[in-house]
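Note that numbering that gives the first Met the number 0 numbers the sequence shown so that position 475 is 474, with each residue one more than the last. Below is one structure, written out as structure tokens; the observations come after it.
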Amino acid sequence: MRFLLIFILILFGGCQAEKQRGDRSSFVYVKPKGYTGSEERVALVIGNSDYKYMQKLKNPTNDSRDMRKKLRLLGFDVRYLENGTKAEMMTEMRKFQTDFQDNPNVVTFFYYAGHGKEFNGKNYLVPIEANAKAPDEWEEYGVKLSFMLRKFHFAQTKLNIAVLDACRTGFRGDDGFTSPSQAEGTLVAYSTGIGNTASDNEREENGLYTKYLLKNLERENMELLDIFRKTTEQVSKSSAKEQVPWFNTSITSGKFYFLGDGKTQNSDEVAPKVITKEVVKFIEKPVEKIVTKEVVVVDDSRIRELERELAQTKKALKQVQRETPKNVNKETPKNVNKETPKNVNAELDSVWIDPETNLMWQNEPFTKADKKHYDDNTEGGRALKWENAKNYCSNLELAGYSDWKLPSRDELKTLLTKKKNGWLYIKKPMLKNTEILRGGKYNNFTAWTSTIMKTYSSTSWVVHFGNGNDSWNGQTNFSFAVCVRDL
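Dropping the structure here:
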């Protein structure tokens, strides 16, 4: 199969200045419909807002950071540059070329947020130190869009996507972009019509076009062209048609999905019902519970019988849990005898038992170092890659127990609450030890689960406690480890 490339260029308004260089994180690719190979996803994200001689823009910083985060969730290995000079931008583009050069199995995504200019039929990305006094000086001060496009052209890419979203001012109406020449298999999308400007959307954190594009990129099983049709429709409606995006394409065959493979279940096909049957055995005191779980595919004739068995088992479990273990003082539960691990008293506050699920959760306070690693996209503390998070939990010794594990998606989602506690959608007993994660570069708290994607085993679920959502994430990204054990 030919080299598959996605090239996305976005120019838009942003926020405060902050230089960041060489920020990368490895991710994995979610296979598009009909593709049987193994592809990588790589990206370069550039956001310029702190211009020295031109109007400073509000949204490029927010847009580029949010796009970087979104791409990582979609399985991209991301290079990132913020407030770049011309030399820095071109250097990052050359480095980016090495990520897909001579690699026939890679998807490439290029994103730019900032000022854009056009002169004499050529499009320029504007570095932060650009100081052109006349239109013909953009050759000297700007970075040609074709500088990036040529690298893809010579790689004989199968699919190219360019998205131009510019909030711009210029010389005598010569601002903005013209339509570049298109090679076969190319989609070029514009946030607004040629000669018009895009909304900087100053009341929100993202530009109008980027706001909707970010939402649509994460729509599972939405095909590439449908994403841009939907974004065009939403922006046009939201702006009362003052800003009407458009795109043209020379893509003649094939479909691409950022998330999923385009498969939807046929409503006429009824899958067999699946029940998780819990077998609980109670042995002598001190009370221990041995739970084995098996997935049993059954027909309707067995559903009611298994449901009755499960209800009886849960009822018995609750009854035993109300009993006090023989080796614990009833009047002072925390005063345990020698048979209980000696460090329980000191560590009781570091765990929490959820009465709704009968799961024991690690509830140790997060630290400033954990937050810094998370914000800097570096590994350390409890900010870990997926495999290391699994090892962290399996090696954890806490409250006298050593049988900790990384929770499944369903288990971790039980900590989510519909009621927002300050900023985190997490149950209140867990809130006090996670509030240190608030603010900073990422006002969020994502944690790993042990659940992996069936169709691509290098992708796992994470749960977002900052916004109450969950999503797929590449296992070489960094999220927090929150461990759990069965009672």
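Heads up, the beta-carbon is just placed ideally off N, CA and C, and yes, glycines get one too.
Secondary structure at A382: strand, using DSSP grouped into helix, strand and coil.
Counting only runs of 3+ residues, the beta strand (DSSP E) found wholly inside the region 81-168 occupies 105-112, 115-118, 121-124 and 159-163, in chain order. Setting aside the 5 residues that flank it on each side, N130 is surrounded in the same chain by Y52 and Y140, each with a C-beta closer than 7 Å to its C-beta; the list follows chain order. If you ignore the 5 residues before and after K384, its C-beta comes within less than 8 Å of the C-beta of E378, Q474, T475, N476 and F477, all in its own chain and listed in chain order. Segment contact: the region 65-85 against the region 150-163, fewer than three CB-CB distances shorter than 8 Å; contact not assigned. A contact is defined here as three or more CB-CB pairs under 8 Å, and the region 75-90 meets this definition with respect to the region 47-66.
Here V41 is not near D101, since their CB atoms are 8 Å or more apart. Comparing C-alpha distances from T191 to each of E222, E204, N468 and A239 shows the shortest one belongs to A239. Rounded to whole angstroms, G46 and V461 show a C-alpha spacing of 26 Å.
Closest option to S470, judged by alpha-carbon separation, among F444, L486 and V483: F444. Taken in chain order, the unbroken stretches of alpha helix (DSSP H) that lie wholly in the region 383-428 and span 4 residues or more are 385-393 and 408-412. DSSP places A368 in the uninterrupted alpha helix (DSSP H) bounded by K367 to D375. Taking all protein chains in view, the Cβ of K427 is surrounded by fewer than 16 other Cβ atoms within 10 Å, so the residue is classified as exposed. DSSP places M66 in the helix class (H, G or I) of the three-state scheme. The three-state secondary structure of I250, taken from DSSP, is coil.
Between W351 and V481, the CB-CB gap reaches or exceeds 8 Å. Taking C-alpha positions only, C392 is separated from A446 by approximately 12 Å.
Look at N58 here: in three-state DSSP terms it is coil, with no helix or strand label. Cβ-Cβ separation between F479 and Y373: approximately 7 Å, consistent with a contact (criterion under 8 Å). Rounded to whole angstroms, the gap between the alpha carbons of E87 and F95 is 12 Å. Distance from the Cα of S145 is smallest, within the candidate group E117, I127 and A133, for E117.
For the pair K404 and N104, the Cα-to-Cα distance works out to about 35 Å.
Its Cα nearest to that of V125, the residue D49 stands out among F108, L186, T185 and D49.
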